[in-house]
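>
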Amino acid sequence: MSIGKKRSDKRLYFLLILPSATILILTIGYPLINGIILGFHYYRLTDPARGVVFNGLQNFRMLLFGNRIFWISLYRTFLYCLGSTGVSFLFGFLIALLLYGPIRNRSLFRSLFLLPWVIPSTVVALLWLWIFNPQYGILNFLLKDLGLIIQFQSWLVNPSLALPSVILATSWKYFPFFMLMLLAGLETIPKELFEASTIDGATFFQRLRYIILPSLKEIIIIVTILEIIWEFQNFTIIWILTKGGPVYQTTTMGIQIYRTAFRNYDMGMGAAMGSLSLVAMLIFSLSYIKTLKFGEGD
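Mapping of the sequence shown onto the numbering used here: residues 35 to 332, in sequence order.
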């Protein structure tokens, strides 16, 4: 291929991606850069006379060394991400193992289990808001009929139950992602390994430990990191269920950024929080990319 032909192809590729790249820059790049810059400024909508004033690292110093709620929200975000990802993985893995076995109408069950993932987050939150209702919610009736509780619980108001309740609702929404990815991974494991283990008299737990988990290691790492990234920026389900309460028990970074910027009207401080969240997201994203390269290297 001639040099002129290569240059012509490069120009064609550039022209093809130019519209998409322009849209991404305008809708993602500009707001992102503008938000980072705003984090270095004092800007309160309740103080229009002062306007936008550059204050250097003051917002970040106040967040890191003088804002207790920031650290509480960071800790709650960690618990929320850890809990939601763990429960989603557990549900997804168990259902993937179930669907991998000799079960009738597997395609039908797979489609049914995918429903929570395709339902909008707003609808999911409203559904669980009804389930958790302390007066007529189905969860209270079910647990009381089973003898697991004596009296109805206020799941979203009780400080000790609010975060686990939100984690449960979120896990129900996202476990199909784990199920789908892990089921795809299970189907790539050679059947001969299971046949040989059966001949050797291996139990299910031995096959799980020595065949299934080692074969799914890379997939588990990748989907777990990706899920943590999604959970870190989750807002809708938490806001509809608890709005971050009670007493900051479910206040994640996304909730606190929204409160600071759009409830307290401190746009500069909210932008600074967003910038710190971006740093955390970049760490997880780089880990995700590194894991992908690790998997390709094998």
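All C-beta atoms in this analysis are idealised placements derived from N, C-alpha and C, irrespective of residue type, glycine included.
1. What does the alpha-carbon distance come out to for the pair R144 and V281?
2. For M315, which residues in the same chain have their Cβ closer than 8 Å to its Cβ, ignoring the five residues on either side in sequence?
3. Assign Y47 to one of three DSSP states: helix, strand, or coil.
4. Do three or more CB pairs link the stretch 177-193 to the stretch 209-220 at distances below 8 Å?
5. Can you check which of these residues, D43, P150 and S311, is closest to G288 by C-alpha distance?
6. On the DSSP bridge list, what partners appear for Y76?
7. Residues in the same chain with beta-carbon distance under 7 Å from I344, minus the five sequence neighbours each way, listed in chain order, please.
8. Determine whether the beta carbon atoms of G302 and Y134 lie at a separation below 8 Å.
9. So, R110 versus T284, is the Cβ gap smaller than 8 Å?
10. Taking DSSP as the reference, what is the three-state secondary structure of D179?
11. If you count every other CB in all the chains shown that lies within 10 Å of the CB of L91, and 16 or more means buried, which is it?
12. Just grab the DSSP bridge partners of D300 for me.
13. With G126 and P210 assumed to form a contact (beta carbons below 8 Å), what rounded beta-carbon distance in angstroms separates them?
14. Is the separation between the beta-carbon of S17 and that of I62 shorter than 8 Å?
15. Is it right to say S54 is buried, meaning 16 or more other beta carbons lie within 10 angstroms of its own, or is it exposed?
16. Evaluate contact between the stretch 147-164 and the stretch 241-259, counting only Cβ atoms and requiring at least three cross-stretch pairs below 8 Å.
17. Which residues mark the beginning and the end of the alpha helix (DSSP H) in which N93 is found?
18. Measure the alpha-carbon distance for L148 versus P168 and round it to whole angstroms.
19. Of all the options G308, M307 and D300, which has the alpha carbon lying nearest to the alpha carbon of G85?
20. Using the beta-carbon count (16 or more within 10 Å), is Y47 buried or exposed?
21. With three or more C-beta pairs closer than 8 Å as the rule, is the stretch 202-209 touching the stretch 218-235?
22. Give every residue of the same chain whose Cβ lies closer than 8 Å to the Cβ of C115, excluding the five residues on either side of it in the sequence, and list them in chain order.
23. What would DSSP say about F264, mapped onto helix, strand or coil?
On the basis of the supplied data:
1. If you draw a straight line from the Cα of R144 to the Cα of V281, it comes to about 39 Å.
2. Within the same chain, M315 has close Cβ partners I263, F266 and Q267.
3. Helix.
4. In short, these stretches do not touch, since the Cβ pair count stays below three.
5. Answer by Cα proximity: S311.
6. Bridge partners of Y76: V87.
7. The first residue shown for the chain is 35 and the last is 332, placing residue 344 beyond what the model contains.
8. For G302 and Y134, no; Cβs fall outside 8 Å.
9. Yes, these two residues count as a Cβ contact at 8 Å.
10. Helix.
11. Counting C-beta atoms within 10 angstroms of its own C-beta, L91 has fewer than 16 neighbours from the protein chains shown and is therefore classed as exposed.
12. Looking at the DSSP assignment, D300 forms a beta bridge with R78.
13. Between P210 and G126 the Cβ distance is about 7 Å, and since that is below 8 Å, they are a contact.
14. As displayed, the chain neither begins before 35 nor continues past 332, which places residue 17 out of reach and without an answer.
15. Exposed.
16. In the pairwise beta carbon analysis, the stretch 147-164 is classified as not touching the stretch 241-259: fewer than three pairs are separated by under 8 Å.
17. Per DSSP, the continuous alpha helix (DSSP H) segment holding N93 begins and ends at Q92 to G100.
18. The alpha-carbon atoms of L148 and P168 are separated by roughly 28 Å.
19. Closest option to G85, Cα to Cα, is D300.
20. Exposed.
21. Touching, no, given that fewer than three Cβ pairs across the two stretches are closer than 8 Å.
22. Closer than 8 Å at Cβ, skipping near neighbours: I262, E265 and F266.
23. Before going further, note that residue 264 is Trp rather than Phe in the sequence given. It is helical.
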